[in-house]
């Protein structure tokens, strides 16, 4: 099914070329987003000072806790829209879209209010130093004012991805990102607005991307057309969106908490290790968005074929995604390691920091294909509407393994190498559990189908 040149027919024809066509714009979107975020940091750090840089950095963990949950919920929008769209259920597609956009608007407004009221108190609870807490709170309050735009863009983009359109969200991101970078330099360098300038630039760029995606949905002639007069919440669709989306959001949030524990362990080695981890973690961020684009493709393609009742094609989707994910991860992961010293020198000239970063990259980049496999099976399960059990298994496998590692193994073998072996170890353990879960769900689903056919 394909109604415009931007959409991809996920249910018919060859698969691998369509998976690549779907994944590549998503991959570029993630990479560009990381680059635009880096511009924020570079501009405020170089032209305002270290306190301003620290003030912006101090907010990232808290902002991620809020945003990851709601971005996870948008996956429910993607799955449900894709399923109804492939099944040709136009009424259900329309009601899902209008319910999703209403949820995005309400949650965005709620987050803006919470950010304005509680930013300062939350930063105090996190132990933010007194000399930067004022700037950090100012940045967060302005940033959270843009939450309605942020939420509307993400949910609107989820609808477009559900029908195979990943190119226009990429275009909107490029326009918003370039605007953000230009406004950063204008407001910070020319008007000396510091962290407030960076935050205002971010909100304006989010507003632009939001307007573009809503216009796109408004102007389409397909079943996912948006009309603001029809905005409402239909409980039936909201429940189905939450069944898929909330577990995904919780999983992302909890994994972030485990990374906070890991950061604490790295901090125990001192400033050099902390700097090495910061640089290495940026490299891993680029790997993650690249591999995650294949996971997103797996979920969307699985969901559409599930809606169309094409069970064998669902298996082909997973197998092709495994090949694509492993191939991308091996090439990019190996390149990141072997070019590691040169890449890390972009962040720092200190050879000790580069050495610490390379110690971390050794056990994370070369095994990153395991991370891709770990996420693919939950992606396929979410495409079939199963999200809670994959969430529990991911938390047990990744978070549980790392907590055990940090408290029971690391204290007796204190080195960065031993600490970061916990990454591939947790990935492998999670893969085993997720494959077993997928096999059980797939077997039950096929048994139900055979029973219905009799």
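Residue numbers (the working numbering): 121 to 574. By construction, the Cβ of each residue, glycine as well, lies at the ideal position given by its N, Cα and C atoms.
Distance from residue 502 to residue 199 at the Cβ level is roughly 6 Å; contact confirmed, criterion being Cβ atoms closer than 8 Å.
Residue 148 sits in a helix when the DSSP states are folded into three classes.
Within the model, the alpha-carbon separation for residue 273 versus residue 326 is close to 8 Å.
Taking a contact to require three or more Cβ pairs closer than 8 Å, the stretch 137-155 and the stretch 435-449 qualify as touching.
By the criterion of a C-beta distance shorter than 6 Å, residue 425 is surrounded in its chain by 131, 433, 434, once the five residues flanking it on both sides are discounted. The DSSP-derived three-state label of residue 132 is coil. If you check the CB distance, residue 316 and residue 253 do not come in under 8 Å.
When rounded, the separation of the alpha-carbon atoms in residue 471 and residue 479 is 12 Å. When DSSP states are grouped into helix, strand and coil, residue 269 belongs to the helix group. Remark: three or more beta-carbon pairs, one from each stretch, lie closer than 8 Å, so the stretch 146-165 and the stretch 409-418 are flagged as touching. If you draw a straight line from the Cα of residue 508 to the Cα of residue 476, it is about 37 Å long.
At a cut-off of 4 residues, the continuous stretches assigned as alpha helix (DSSP H) that sit fully inside the stretch 481-534 are 488-503, 508-514, 521-524. Cβ-Cβ separation between residue 289 and residue 280: approximately 6 Å, consistent with a contact (criterion under 8 Å). The straight-line gap separating the alpha-carbon atoms of residue 393 and residue 309 is approximately 32 Å. For residue 351, no alpha helix (DSSP H) run applies, since DSSP gives it neither H nor E.
The stretch 446-454 and the stretch 481-499 touch, with no fewer than 3 CB-CB distances between them shorter than 8 Å. Residue 427 has its alpha-carbon roughly 15 Å from the corresponding atom of residue 128. The C-beta distance from residue 307 to residue 321 rounds to 6 Å, short enough to fall under 8 Å. Distance between residue 216 and residue 125, taken at the CA atoms: about 23 Å.
Within the stretch 255-311, no complete beta strand (DSSP E) segment of 3 residues or longer occurs.
Only residues of its own chain outside the window of five on either side were considered, and among them 199, 202, 203, 503 have a CB closer than 6 Å to the CB of residue 423, listed in chain order.
Each residue's CA atom was taken as its position, placing residue 185 and residue 305 some 28 Å apart. Considering only 546, 265, 347, the residue with the shortest C-alpha distance to residue 495 is 546. DSSP, reduced to helix, strand and coil, places residue 226 within a helical segment of the structure shown.
Contact between the stretch 370-377 and the stretch 534-553 is absent: fewer than three C-beta pairs spanning the two stretches fall below 8 Å. Residue burial is scored here from C-beta neighbours: residue 387 has fewer than 16 other C-beta atoms within 10 angstroms and is therefore classed as exposed. Here residue 458 has no same chain residue with a Cβ atom under 8 Å from its own Cβ, once five neighbours each way along the sequence are excluded. The C-beta separation of residue 297 from residue 152 comes to about 6 Å, placing the pair in contact by the 8 Å criterion.
Inter-residue distance for residue 526 and residue 206 is about 45 Å (C-alpha atoms, whole angstroms).
With a contact defined as Cβ atoms closer than 8 Å, residue 510 and residue 568 miss out at about 19 Å.
Boundaries of the alpha helix (DSSP H) around residue 462: 460-464. The beta carbon of residue 266 sits closer than 6 Å to those of 323, 326, all from its chain and outside the five residues before and after it, given in chain order. Between the beta-carbon of residue 417 and that of residue 139 there is about 5 Å, and that keeps the pair under the 8 Å contact cut. Take residue 363, set aside five residues on each side of it, and the residues of its chain with a beta-carbon closer than 8 Å to its own are 196, 505, 507, 508, in chain order. Within the same chain, 264, 265, 267, 268 come within 7 Å of residue 232 by CB-CB distance, once the 5 residues on both sides are set aside.
Going by C-alpha positions, residue 420 is about 42 Å away from residue 534.
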